[in-house]
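Chemist: Residue numbers (our numbering), protein chains in the order written: chain A, 86 to 467; chain B, 257 to 616.
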Amino acid sequence: MKKMKKLVCFGLISAMMLSAFAGCGKKSGSDVIRIGGTGPLTGGAAVYGNAAKRGAEIAVEEINALGGMQFELRYEDDTHDAEKAVNAYNILKDWEVQISLGSVTTNPCIATAAETYADRIFALTPSASSTDVTKGKDNMFQMCFSDPNQGSASAQYISEKALGTKIAIIYKNDDAYSTGIFETFTDKADELGINVVSTTTFNTDSQNDFSVQLSDAKNAGADLVFLPMYYEAAALILDQAKKMNYAPKFFGVDGMDGILTLEGFDTTLAEGVMLLTPFSADATDEKTVNFVKKYNEKYNETPNQFAADAYDCVYAIYEACQKGEVTSDMTAEEICDIMIAQFTTMKFDGLTGNGMTWGKNGEVSKSPKGMVIQNGVYVGLD
Amino acid sequence: MKGKKTLSKTSKNNFITMGGLLLVYVIVLILKEGGITTNLINGQLVPICAYMIMAISLNLTVGILGELSLGHAGFMSVGAFGGVLVGTLMQEVSDSKILCLLVAVIAGGVLAALAGFLIGIPVLRLRGDYLAIVTLAFGQIIKSIVNILYVGLDADGLHVGFIEKPEILEEGKMIINGAMGATGIRKLSTFTFAFIVLMLCLIVIYNLIQSRTGRAIMALRDNRIAAESVGINVTKYKLLVFAISAAMAGMAGTVFAYNYSTVAPTKFDFNTSILVLVFVVLGGLGSMRGSLIAAALLTLLPELLREFSDYRMLVYAIVLILVMLGTNNPKIRDFFAKIVGKIKSVFVRKKTAKEENANG
């Protein structure tokens with residue numbers, strides 16, 4: 086009996102090894118520059134990964150249609166897990182990726198950033214916002230603003246516009262993104278003298294019921310609830326707050342973006358929700374209108390900030406490649422040096438901001454815009 | 257010649273497993289150095305070793321001791337974060353990479369063993385399903401504690417905080433940063449190192465099973481009352497196995513953590529515990545060889561199924577079900593047993609023919 090098991094296992098192993106070897110070496114034409122990224126294409130955070138992938142795809146299509154420099158894009162699934170992200174990155178490396186789009190979410194990106202740094206591949210992440218992503222790595226750049234920026238910008242915004250007098254915060258304490266923003270928000274809030282009356286937490290296992298947190302906020306008389314979290318949990322909070330007849334102002338950050346496209350979500354619940362995001366799909370400038378139209382045609386939904394960030398990433402890389410005269414036969418390392426030189430000196434206009442510049446630490450400088458949801462669309466707060 | 261003959265069948269089998277493992281290691285190493293294996297495979301070598309250690313250590317609890325544990329990832333977590341903490345402190349004193357890693361792994365193992373021992377005291381009063389549920393709870397508790405644990409290091413020394421982040425000086429750094437986990441870990445784990453740890457664990461387990469202690473443990477598994485009646489101390493042996501198993505899981509955790517620049521507490525959740533349990537059950541309870549093979553295959557499988565993109569995990573589940581059914585189906589077993597028998601007979605015939613030739 087055991088012998089047979091051994092045989093089956095042996096057969097399976099050899100089949101797998103074969104497929105593993107067969108899987109590599111799938112390379113395309115040599116006159117294109119290969120851009121690769123990882124993101125959660127399946128699982129709980131799939132909306133972000135898919136949005137980023139689609140945004141990047143549209144940008145690559147547009148650039149390739151221009152003629153001249155040609156890009157080829159490949160996204161691999163990392164299921165929002167650092168271990169899987171490194172695997173996904175290694176697949177891209179087998180594909181001989183020349184420029185990396187990092188990872189879409191924070192924790193995986195910290196892991197892949199260490200790899201791209203060691204391998205000297207230039208990386209520009211659309212949306213991994215923690216400072217740990219860029220810390221100590223000269224070839225890692227961000228397109229989104231970093232967590233500390235978001236937290237303090239939110240506090241600043243709430244204080245400046247006098248949006249609320251008593252603030253409640255609900256954050257996810259097992260999520261790097263959420264705690265990162267929470268920490269900088271409270272630091273800045275202390276500084277500005279914002280009155281925080283209630284601070285409650287939840288985690289992955291308890292993100293279905295928010296009655297305790299909302300009751301706490303309600304009893305404390307909070308008139309604004311700050312929600313530094315991704316939109317799935319936020320959607321439930323909005324729903325449950327309505328059920329308990331609690332109607333404060335809600336203020337989110339860029340993770341809130343995407344709530345309107347959540348399947349089965351009653352968008353009237355999000356009415357009046359404010360969020361800080363660098364991108365709004367209802368902007369009237371030519372670039373945004375064009376992008377939103379294309380995205381709508383292709384994927385039948387309104388693009389969110391992640392899509393816009395990824396779109397900008399590809400264009401920023403395109404600009405840097407053109408200025409630095411990058412050609413497809415260069416190695417990743419050669420391209421890396423050129424890109425670092427370009428990114429630290431160039432100014433970039435994109436969907437998510439004008440005149441963006443990057444510091445040597447890889448962080449972008451651009452200003453977040455306050456948005457409020459009215460009739461199911463974002464409207465600028467200013 | 258005499259020495260060989262005195263080897264029992266189990267010892268022989270154990271040597272075959274260890275020899276096979278060594279052979280696979282040498283082959284993979286040659287392929288890796290030769291640049292034949294892909295980056296994907298190279299990148300998975302250390303995690304596979306770590307999962308193999310996890311699988312054999314859990315098999316010790318589930319297969320040999322006969323107690324279902326659903327919180328094994330908790331010990332991996334203790335080992336990962338404890339190891340990283342001690343390793344980072346070690347970095348301050350010594351520049352040697354291998355020394356750092358070695359101290360980290362030992363510390364990870366010791367800390368996890370301590371956790372296993374402490375948890376074992378209340379838990380092992382329970383039996384069967386109750387024990388399984390409580391281990392599940394302890395796994396969650398460990399995860400939650402690491403989630404709110406902050407450890408920072410600066411010129412003044414270590415700062416530890418629960419829930420509240422401790423104040424640290426500007427030039428200091430957070431080693432364990434609550435939900436963010438540990439970031440900025442130096443990538444020290446190598447395939448060879450992971451393999452040596454794995455091999456050591458395997459040798460310890462095999463020797464343990466074959467020792468007097470091992471026989472006592474298995475007697476407990478097979479019939480607790482009978483074992484007790486002949487004077488076997490139930491609590492002692494259960495605690496011993498629990499602590500050893502936890503120590504190995506802890507070492508696996510450290511090796512795993514040192515392969516990535518970041519490790520988050522949520523990585524070691526219930527799903528990881530179950531994943532390891534699947535390795536054990538699929539490989540066969542009590543069979544270390546099976547656990548090793550299952551751990552390697554099931555770690556590689558999701559990556560090899562990437563072609564199926566969105567349906568990957570569905571295919572993964574189907575493969576899992578088929579393998580489970582296949583290995584338990586008497587007809588399929590007979591079918592393969594026949595083939596094996598035929599191959600064997602061919603070899604035997606050849607051998608005898610050769611011998612005859614040689615004689616003739």
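Where a beta carbon is used, it is the ideal one built from N, C-alpha and C, also for glycine.
Note that the structure is a prediction, hence the values are computed from the model and not measured.
#1: What does the alpha-carbon distance come out to for the pair A105 of chain A and M329 of chain A?
#2: Considering only the beta carbon of each residue, do L548 of chain B and I272 of chain B sit closer than 8 Å?
#3: For G413 of chain B, which beta-bridge partners are listed by DSSP?
#4: Contact check, V310 of chain A vs A253 of chain A under 8 Å by CB: the rounded distance?
#5: If you draw a straight line from the C-alpha of K288 of chain B to the C-alpha of N489 of chain B, how long is it?
#6: How big is the Cα-Cα spacing for A520 of chain B and I397 of chain B?
#7: Contact criterion: CB-CB distance below 8 Å. Does K178 of chain A meet it with respect to chain B?
#8: Count the other CB atoms, across all protein chains shown, that sit within 10 Å of the CB of G299 of chain B; report buried if there are 16 or more and exposed otherwise.
#9: Is the beta carbon of I304 of chain B closer than 8 Å to that of T555 of chain B?
#10: Here's a check: name, in chain order, each residue in its chain whose Cβ is nearer than 7 Å to the Cβ of P211 of chain A, leaving out the five neighbours to either side.
#11: At a CB-CB cut-off below 7 Å, which residues of chain A make contact with Q300 of chain B?
#12: Indicate the three-state DSSP secondary structure (helix, strand or coil) for V479 of chain A in the structure shown.
#13: Where does K454 of chain A land, buried or exposed, given buried means 16+ other C-beta within 10 angstroms?
#14: Kindly list, in the order they appear in chain B, the residues whose Cβ is closer than 8 Å to that of D217 of chain A.
#15: Beta carbon of I320 of chain B, beta carbon of G542 of chain B: below 8 Å?
#16: Alpha carbon to alpha carbon, what distance is there between L357 of chain B and V390 of chain B?
#17: Give the DSSP bridge partners of L360 of chain A, in chain order.
#18: Check distances from the C-beta atoms of the segment 393 to 406 of chain B to those of chain A and list, in chain order, the residues that come in under 9 Å.
#19: Per DSSP, what kind of secondary structure is Q427 of chain A in: helix, strand or coil?
#20: Taking only the alpha-carbon atoms, compute the straight-line gap between I465 of chain B and R471 of chain B and give it to the nearest angstrom.
#21: If we count the other Cβ atoms within 10 Å of its Cβ and call it buried at 16 or more, is K169 of chain A buried or exposed?
#22: Determine which residues share a DSSP beta bridge with Y202 of chain A and list them.
#23: For N295 of chain B, return the contacting residues in chain A, with the cut-off set at a CB-CB distance below 8 Å.
#24: Where do the ends of the alpha helix (DSSP H) carrying I481 of chain B lie?
#25: My output table needs one value for Y331 of chain A: the three-state DSSP class, helix, strand or coil.
#26: Label T518 of chain B either buried or exposed according to how many other C-beta atoms from any shown protein chain fall within 10 Å of its C-beta, with 16 as the threshold for buried.
#27: One question on the structure: do S215 of chain A and I195 of chain A come within less than 8 Å of each other, judged by their Cβ atoms?
#28: Using alpha carbons as the reference points, say which of A:A240, A:F270 and A:T289 lies closest to A435 of chain B.
#29: Residues of chain B with CB closer than 9 Å to the CB of T127 of chain A, please, in chain order.
#30: Who are the neighbours of I195 of chain A on chain B, taking C-beta pairs under 7 Å?
#31: Please state whether DSSP places Y316 of chain A in a helix, a strand or coil.
#32: Only counting the same chain, and skipping five residues up and downstream in sequence, which positions put a Cβ closer than 6 Å to that of M424 of chain A?
#33: Taking C-beta to C-beta, are E410 of chain A and S231 of chain A nearer than 8 Å?
#34: Measure the C-alpha to C-alpha separation of A438 of chain B and V511 of chain B and round it to an integer number of angstroms.
#35: Express the C-alpha separation of G349 of chain A and M310 of chain B in angstroms, rounding to a whole number.
#36: Run through the segment 373 to 399 of chain A for me and flag every whole beta strand (DSSP E) of 3 or more residues, listed as ranges in chain order.
Modeler: Walking through what the data contain:
#1: To locate residue 105 of chain A, count along the first sequence from 1; it is residue 20. To locate residue 329 of chain A, count along the first sequence from 1; it is residue 244. Low local confidence applies: a pLDDT of 47 at A105 of chain A is under 50, so the model's placement there is unreliable, and no value is given.
#2: Along the second sequence, one-based indexing puts residue 548 of chain B at 292. Along the second sequence, one-based indexing puts residue 272 of chain B at 16. Against a cut-off of 8 Å, the Cβ pair of I272 of chain B and L548 of chain B comes out as no contact.
#3: The residue given as residue 413 of chain B occupies position 157 in the second sequence. Paired residues: B:D410.
#4: Within the first sequence, the letter at position 225 stands for residue 310 of chain A. Within the first sequence, the letter at position 168 stands for residue 253 of chain A. Correct: roughly 5 Å between the Cβ atoms.
#5: Position 32 of the second sequence, counting from 1, holds the residue named residue 288 of chain B. Position 233 of the second sequence, counting from 1, holds the residue named residue 489 of chain B. Going by the C-alpha atoms only, they are around 48 Å apart.
#6: The residue given as residue 520 of chain B occupies position 264 in the second sequence. The residue given as residue 397 of chain B occupies position 141 in the second sequence. Looking at the two C-alpha atoms, the distance is approximately 15 Å.
#7: Counting from one through the first sequence, the residue named residue 178 of chain A turns up at place 93. Cβ-Cβ to chain B under 8 Å: yes for K178 of chain A.
#8: Walking along the second sequence from the start, residue 299 of chain B turns up at place 43. So G299 of chain B counts as buried.
#9: Numbered from its first residue, the second sequence carries residue 555 of chain B at position 299. Numbered from its first residue, the second sequence carries residue 304 of chain B at position 48. Cβ atoms of T555 of chain B and I304 of chain B: closer than 8 Å.
#10: As a first step, residue 211 of chain A must be located in the first sequence, where it is residue number 126. Within the same chain, P211 of chain A has close Cβ partners A137, L186, V189, M228, C229, F391, D394, A395 and C398.
#11: As a working note, residue 300 of chain B is residue 44 in the second sequence. Within 7 Å Cβ-Cβ: N172.
#12: Missing from the structure shown is residue 479 of chain A; chain A here goes from 86 to 467 and no further.
#13: Counting from 1 along the first sequence, the entry for residue 454 of chain A is found at position 369. That one is buried.
#14: Counting from 1 along the first sequence, the entry for residue 217 of chain A is found at position 132. Result: M436, T439, G440 and T518.
#15: In the second sequence, counting from the first residue as 1, residue 320 of chain B sits at position 64. In the second sequence, counting from the first residue as 1, residue 542 of chain B sits at position 286. Yes, they are a contact pair.
#16: Position 134 of the second sequence holds residue 390 of chain B. Position 101 of the second sequence holds residue 357 of chain B. Straight-line Cα distance between these residues: approximately 32 Å.
#17: For the purposes of this step, residue 360 of chain A is taken as residue 275 along the first sequence, with counting starting at 1. DSSP, once it has assigned bridges, lists A:G337 and A:M456 as partnering L360 of chain A.
#18: Q396, K399, S400, N403 and I404
#19: In the first sequence, counting from the first residue as 1, residue 427 of chain A sits at position 342. Q427 of chain A: helix per DSSP, three-state reduction.
#20: Taking the first residue of the second sequence as position 1, residue 465 of chain B is located at position 209. Taking the first residue of the second sequence as position 1, residue 471 of chain B is located at position 215. Their Cα atoms are separated by approximately 7 Å.
#21: Residue mapping note: residue 169 of chain A aligns to position 84 of the first sequence, counting from 1. Answer is buried; the Cβ neighbour count reaches 16.
#22: Taking the first residue of the first sequence as position 1, residue 202 of chain A is located at position 117. Answer by DSSP bridge pairing: none, since Y202 of chain A is not bridged.
#23: Locating residue 295 of chain B in the second sequence gives position 39, where the first residue counts as 1. Those are N175, I176, K178 and D179, listed as they occur along chain A.
#24: What you label residue 481 of chain B is simply residue 225 of the second sequence in a count that begins at 1. Start and end: R480 to S485.
#25: Position 246 of the first sequence, counted from the first residue, corresponds to residue 331 of chain A. Note: Y331 of chain A maps to coil in three-state DSSP.
#26: Working through the second sequence from its first residue, we reach residue 518 of chain B at position 262. Counting Cβ neighbours within 10 Å, T518 of chain B comes out buried, since at least 16 surround it.
#27: Stepping through the first sequence from its first residue, residue 215 of chain A is reached at position 130. Stepping through the first sequence from its first residue, residue 195 of chain A is reached at position 110. Contact: yes.
#28: What you label residue 435 of chain B is simply residue 179 of the second sequence in a count that begins at 1. Answer by Cα proximity: A:T289.
#29: For the purposes of this step, residue 127 of chain A is identified with residue 42 of the first sequence, where counting begins at 1. Going along chain B in sequence order, the residues near T127 of chain A (Cβ under 9 Å) are S565, D566, R568 and M569.
#30: As a working note, residue 195 of chain A is residue 110 in the first sequence. Under the 7 Å cutoff, chain B gives T439, S517 and T518.
#31: Residue 316 of chain A sits at position 231 when you count from the first residue of the first sequence. Residue state, collapsed to three classes: helix.
#32: The residue you call residue 424 of chain A lines up with position 339 of the first sequence. For M424 of chain A, where only same-chain residues beyond five positions count, the Cβ hits under 6 Å are F207 and A405.
#33: Here the question's residue 410 of chain A lines up with position 325 in the first sequence. Here the question's residue 231 of chain A lines up with position 146 in the first sequence. Going by C-beta atoms, E410 of chain A is not nearer than 8 Å to S231 of chain A.
#34: By one-based count along the second sequence, residue 438 of chain B stands at place 182. By one-based count along the second sequence, residue 511 of chain B stands at place 255. Taking the straight line joining both Cα atoms gives about 14 Å.
#35: In the second sequence, residue 310 of chain B corresponds to position 54, counting from 1. In the first sequence, residue 349 of chain A corresponds to position 264, counting from 1. Whole-angstrom Cα-Cα distance: 40 Å.
#36: none
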